[in-house]
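Here is the structure we will look at.
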Amino acid sequence: MLSALFMIPCCLIATTNVVVAQDTDPNFRSDYKYQPTMAAFYKVHKSPKYWTEAVSTCKYEGGYLVVPESQGEIDFLVKLIENQLSGDTTGVFVGIHDMFIEGNFMTVKADSISDIFDNWAAGEPDDFQDNEDCVLLHRNSKYYDYDCKRKFPFICKKTLASLTANPLCGTSDKAYIPDVTGDKCYKLHLNPKTWSEAYTICHAEQSYLAVPTNKKESDLLKEMLAKHPENTLNDNFYKNGAYLGFHDQFTEGEYVTVFGEPLSQVSVAEWSPGQPDNGLNNDENCGHMFRDGLLNDVNCSWKLMFFCERQIGDDDVIDLFSRVQNNIPELRSLEGS
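Here the sequence shown stands for residues -21 to -1, 1 to 316, numbered as in mature numbering (1 follows the signal peptide of the UniProt record, and there is no 0).
Printed below as a string of structure tokens:
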């Protein structure tokens, strides 16, 4: 499962930071479809989420919650709704809200909607019961303000102009760094999250919480952490290390990777002396690595830095989670796309 898929030629190294400029057959992610007339990529998320969750999901995938910019784009989005969502679906959330100032509708990029494309239905927005701050694109092609805490499907967008390339790691995310073998790539997330949140973010990036299988991989992760000393990190969180992709949430003491494989059969990384100890309150069930490269178990609810890993060439790694994600209660509430 964690073995290399293929090697990347050394001649690609110089192109890691190239901005993609081609206008035919561009590539972003395998789950996004390119629309030439819009010069953008789109993905319909069929599983309903709250508006804030939709915003986060699109962000983690490298895009943003769509903000229609023309009638032509509205028509295109409505066709996506008709073709990909059930007939009883009212519409989809779009990246417009008035959470900050009532009646002042802004986009997720902080632009005034009046400067982009105003497409309200008659009588809208009406702020029904003083509780409608998020915008729905109805299948009738018009905007309606809705309660942000209702759940709807949504559409993410990535513009061609914003597309970057990281060919060494088979992704548009330039934060991923290849290992010395060229088999895998890693990204250190400095913004602390719980283990389940970290799992979800890696998943959205078509990656997975990292599992170093040998000393060279552990050394690379150590080097990445060393570039961010504890005294340079903001916020109040435990900074001696980062989450990894293993846990014993199924059976106490039996550590498995995010793919359900026994950790001992996959990784030769060593535990720190006295670890795992399950903590003083017997509540440490998630994998962690100290800055010295040794493994540790921690409370899954702690907010920590974390490593995402992707196998080079494996654009469909996101599909590998199906056999484990439904067995972790915390993940069921976070996943759904």
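No residue lacks a Cβ here, since even glycine has one placed at the ideal position from N, Cα and C.
Residue Val73 holds the alpha-carbon nearest to the alpha-carbon of Cys127 among His226, Val57, Val73 and Pro171.
In this structure, the beta-carbon distance from Lys166 to Ser186 falls below 9 Å. The segment 79 to 91 and the segment 129 to 146 do not touch, with fewer than three beta-carbon pairs separated by less than 8 Å. Per DSSP, the beta bridge partners of Cys287 are Lys166 and Leu188.
DSSP places Ile180 in the uninterrupted alpha helix (DSSP H) bounded by Trp174 to Ala183. Within 10 angstroms of the beta-carbon of Phe107 lie fewer than 16 other beta-carbons, which makes it exposed.
In the pairwise beta carbon analysis, the segment 114 to 121 is classified as not touching the segment 10 to 29: fewer than three pairs are separated by under 8 Å. Ala18 carries a coil assignment under DSSP once its states are collapsed to helix, strand and coil.
Under DSSP, Phe225 shares a beta bridge with Thr236. DSSP links Leu116 through a beta bridge to Val71 and Tyr122. By the C-beta criterion, the segment 184 to 199 is judged to be in contact with the segment 241 to 253, since at least 3 inter-stretch pairs fall below 8 Å. Inclusion of Cys135 and Thr36 in the CB contact set at 9 Å is warranted, their separation being smaller than that value.
The count of Cβ pairs closer than 8 Å, one atom from the segment 266 to 281 and one from the segment 153 to 163, stays below three, leaving the stretches out of contact. Rounded to whole angstroms, the Cβ separation of Pro132 and Val23 is 7 Å, and the two are in contact under 8 Å. Between the alpha carbons of Lys194 and Tyr123 lies a distance of about 55 Å.
In its chain, beyond the 5 residues on either side, Pro171, Lys172, Thr173 and Phe216 have a beta carbon closer than 7 Å to the beta carbon of Lys282. The three-state reading of DSSP puts Val245 in helix, counting H, G and I together. Note on geometry: alpha-carbon atoms of Tyr125 and Gly232 lie some 46 Å from one another.
Cβ neighbours of Gln254 within its own chain (closer than 8 Å, five residues either side excluded): Leu273, Leu274, Asn275 and Asp276. DSSP places Cys37 in the uninterrupted alpha helix (DSSP H) bounded by Trp30 to Tyr39.
In terms of Cβ geometry, Arg8 and Thr68 do not form a close pair [threshold 9 Å]. For Asp198, same chain residues with a beta-carbon under 8 Å away, outside a window of 5 residues either side, are Gly272 in chain order. If you look at Met268, you'll find it in the beta strand (DSSP E) that goes Cys265 to Met268. Judged by beta-carbon spacing, Tyr222 lies within the 9 Å limit of Ala177, meaning their Cβ atoms are closer than that value. For the pair Arg289 and Glu196, the CB atoms are not nearer than the 9 Å cut-off. Beta-bridge annotation (DSSP): Ile156 is paired with Tyr165.
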